[in-house]
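Student:
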Amino acid sequence: MSSVSSLNGNDRAPRLVAVNSRPLRIVGLTVGIGIIVLLLIFLILPTLLVIPMSLGTAEYLELPPRGLTLKWYVAFFTDADWMAATWFSFRIAIATTVSATIVGTLASVALVRGDLPGKTWLQALTLGPLIVPHIVIAVSVYLMFAPLRLTGTFFGFVIAHTMLAVPYVVITVTAALQRFDVSLELAALNCGASRLRAFFAVVLPGIAPGVAAAAVFAFMASFDEATVAFFISGVEGKTLTRKMFEDIDFNLTPVIAAASTILVIVSLAIMGGLQVLQSRTAAATSKL
Numbered sequence: 001m002s003s004v005s006s007l008n009g010n011d012r013a014p015r016l017v018a019v020n021s022r023p024l025r026i027v028g029l030t031v032g033i034g035i036i037v038l039l040l041i042f043l044i045l046p047t048l049l050v051i052p053m054s055l056g057t058a059e060y061l062e063l064p065p066r067g068l069t070l071k072w073y074v075a076f077f078t079d080a081d082w083m084a085a086t087w088f089s090f091r092i093a094i095a096t097t098v099s100a101t102i103v104g105t106l107a108s109v110a111l112v113r114g115d116l117p118g119k120t121w122l123q124a125l126t127l128g129p130l131i132v133p134h135i136v137i138a139v140s141v142y143l144m145f146a147p148l149r150l151t152g153t154f155f156g157f158v159i160a161h162t163m164l165a166v167p168y169v170v171i172t173v174t175a176a177l178q179r180f181d182v183s184l185e186l187a188a189l190n191c192g193a194s195r196l197r198a199f200f201a202v203v204l205p206g207i208a209p210g211v212a213a214a215a216v217f218a219f220m221a222s223f224d225e226a227t228v229a230f231f232i233s234g235v236e237g238k239t240l241t242r243k244m245f246e247d248i249d250f251n252l253t254p255v256i257a258a259a260s261t262i263l264v265i266v267s268l269a270i271m272g273g274l275q276v277l278q279s280r281t282a283a284a285t286s287k288l
């Protein structure tokens, strides 16, 4: 309930007139929920539509499918080119996860705990790949890698994807470090532990859920990356996303929908595993 004041001609004192604002709140809440639902549909519906298209019996993409079959998944797993691209992407993503997690965690510790000159500029530089358009990064990486013959190579992809994944690690680990109770580390130092030992014995276990989340984000940033891969892939070194782009241009079949569905399943499985890990970690911490 809200109120407004009015003046009577014979009485200068304000009079409060009750106005029922509950309908306005209900309308605002309904509109807000409706907008959120529309946004969720816009984001999720394309992903869900890929699944039935991957099960169609036709030799081309159709929706709704006239029949259901798993032959396109069989074709995906039995095709040497698809398997080579998938395995290549997994290897790159795993290596990127390791390198980006290490580099990003060390950078986060330096930014949060270190007294560095120009810390704000260093943080902005670290987060640069999130701000600069990926097409600009892709062209720059290609122009730098081509003379060095790193295009289409495993190490070339790992270097490029690490650069793209580090910002996700820095953001996640920085948040974990800022939530960490510094007094625990100080207690370890007062007990005679070196700063390095205190970090590995006290700080790192305390921020382990954040580091695990950062590793997942780094893996997904590499495995799903398409723009840079489009520029630096080679004939032999070709990621799954580049293979999907090529087949869209030259061989548009439901195998592409099957590959997309597999990507969705892998992403959901990884995020679900992370959620379970964080839940168990939180439960174990609460018992201490």
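The working numbering numbers the first residue of the sequence shown as 1 and each following residue consecutively. No residue lacks a Cβ here, since even glycine has one placed at the ideal position from N, Cα and C. No experiment lies behind these values; they were computed from the predicted model shown.
Take A138 as the anchor and find which of V112, L45, A160 and V170 has the nearest alpha-carbon.
Tutor: A160
Student: Run through DSSP, which three-state label would R66 get?
Tutor: coil
Student: Is the separation between the beta-carbon of T174 and that of V266 shorter than 7 Å?
Tutor: no
Student: Given that a residue counts as buried once 16 or more other Cβ atoms are within 10 Å of its Cβ, and exposed if not, what is V4?
Tutor: The pLDDT assigned to V4 is 48, lower than 50, so where the model puts this residue is not dependable, and the model offers no usable value.
Student: Taking a contact to mean a Cβ-Cβ separation below 7 Å, would you say W72 touches P254 in this structure?
Tutor: Yes, the Cβ-Cβ distance between W72 and P254 is below 7 Å.
Student: What do you reckon, are the CB atoms on T97 and A258 nearer than 7 Å?
Tutor: no
Student: Would the beta-carbon of V166 fall within 7 Å of that of G206?
Tutor: no
Student: Short check: CB of S99 to CB of T162, under 7 Å?
Tutor: In this structure, T162 lies closer than 7 Å to S99 by Cβ.
Student: Do you know offhand how far L150's Cα is from Y142's?
Tutor: Cα to Cα, L150 sits roughly 9 Å from Y142.
Student: Hey, out of K243, M244 and V169, whose CA is closest to V211's CA?
Tutor: V169
Student: At 4 residues or longer, what runs of the alpha helix (DSSP H) sit wholly inside the stretch 45 to 99?
Tutor: Runs of the alpha helix (DSSP H) inside the stretch 45 to 99: 71 to 78.
Student: How far does the alpha helix (DSSP H) with R242 in it extend, from its first residue to its last?
Tutor: L240 to F250
Student: So what's T226 in DSSP terms, helix, strand or just coil?
Tutor: Before going on, a small fix: residue 226 reads as Ala here, not Thr. Collapsing the DSSP output to three states places A226 in coil.
Student: So what's Q275 in DSSP terms, helix, strand or just coil?
Tutor: Secondary structure at Q275: helix, using DSSP grouped into helix, strand and coil.
Student: Using only CA atoms, which one of G237, S222 and V31 lies nearest to A93?
Tutor: S222
Student: Straight-line CA distance for G56 to P64?
Tutor: So the alpha carbons of these two residues sit roughly 8 Å apart.
Student: Are F155 and I232 touching if we call contact CB-CB under 7 Å?
Tutor: no
Student: Alpha carbon to alpha carbon, how far is I294 from P52?
Tutor: Nothing about residue 294 can be read from this structure; the chain reaches only from 1 to 288.
Student: For the alpha helix (DSSP H) containing F155, name the first residue and the last one.
Tutor: From DSSP, the alpha helix (DSSP H) with F155 extends over F154 to R179.
Student: Roughly how many angstroms lie between the CA atoms of F250 and Y60, to the nearest whole one?
Tutor: 12 Å
Student: Look at the alpha carbon of L130 and the alpha carbon of A213, and state the distance between them as a whole number of angstroms.
Tutor: Rounded to the nearest angstrom, the two C-alpha atoms are 18 Å apart.
Student: Which class does S260 belong to by DSSP, given the choice of helix, strand or coil?
Tutor: helix
Student: How is the alpha helix (DSSP H) around A193 delimited, first residue to last?
Tutor: That residue, A193, is in no alpha helix (DSSP H); it is neither H nor E in DSSP.
Student: Given a threshold of 16 other Cβ atoms within 10 Å of its Cβ, counted over all protein chains shown, does E62 qualify as buried or as exposed?
Tutor: Exposed: under 16 other Cβ atoms inside 10 Å.
Student: Measure the alpha-carbon distance for N190 versus G114 and round it to whole angstroms.
Tutor: 19 Å
Student: Alpha carbon to alpha carbon, how far is T47 from L184? Give it in angstroms, no decimals.
Tutor: If I take the Cα positions, the gap works out to 45 Å.
Student: Which of helix, strand or coil does DSSP assign to V141?
Tutor: Of the three classes helix, strand and coil, the one that applies to V141 here is helix, per DSSP.
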